[in-house]
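Here the sequence shown is numbered in the working numbering, starting from 1 and rising by one per residue. Ideal Cβ positions, reconstructed from N, Cα and C, are used throughout, including at glycine. Note that this is a predicted model, so its numbers are computed, not measured. Note sheet for the following structure.
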Amino acid sequence: MVKSKSKPTETKSRAGRPAGTPNSEQPVVLVEAPRCRRCGCTKLRHVKKIKQSDRPGRIGGTDKRFTKTTWTRRRCDSCNQQQIIITREYEPSAWND
Ligand SMILES: [Zn+2]
1 MVKSKSKPTE
11 TKSRAGRPAG
21 TPNSEQPVVL
31 VEAPRCRRCG
41 CTKLRHVKKI
51 KQSDRPGRIG
61 GTDKRFTKTT
71 WTRRRCDSCN
81 QQQIIITREY
91 EPSAWND
C-alpha cells in the first residue's frame, strides 16, 4: 500500500539545537556563604539590599571566580547585630575568559 504524498503536513528538518547542549541554563554558584562577622553564624536575616555589581573578578588570593557581587544589610539571628554582608555569585555563562 502506497500512501499519497499530496498533503503538505509537516516539513520536519533536523536542524535546531541538539539536546543536552551546555548553554545558558547553568546554575549560579554561591561563592561565599554569608556569615556573621561577629559570631560566625550563617543565619542572617535579610534587611535591605544596598547595591549590586556585575563586574567579574576573583576573590583575593584564591582562584574562585565571581561574576556578581551583592551588598546587603542583614541582621544576625544569634547576636542580633546588623551588618553589611557581601555575597558573591558565579554564573558560568556570564564569565568571559
Ligand atoms: Zn552573629
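Taking Cβ positions only, does residue 37 come closer than 8 Å to chain C? This model lacks chain C altogether; it includes just one protein chain.
Report the partner residues of residue 37 according to the DSSP bridge assignment. According to DSSP, residue 37 bridges with nothing at all.
Determine the direct distance from the alpha carbon of residue 75 to that of residue 40, and round the result to whole angstroms. 12 Å
Relative to the C-alpha of residue 47, which residue among 63, 82, 64 and 37 is closest? 82
Going by C-alpha to C-alpha distance, which of 88, 66 and 79 sits closest to residue 37? 79
Looking at the secondary structure, which residues open and close the beta strand (DSSP E) in which residue 49 lies? 44–53
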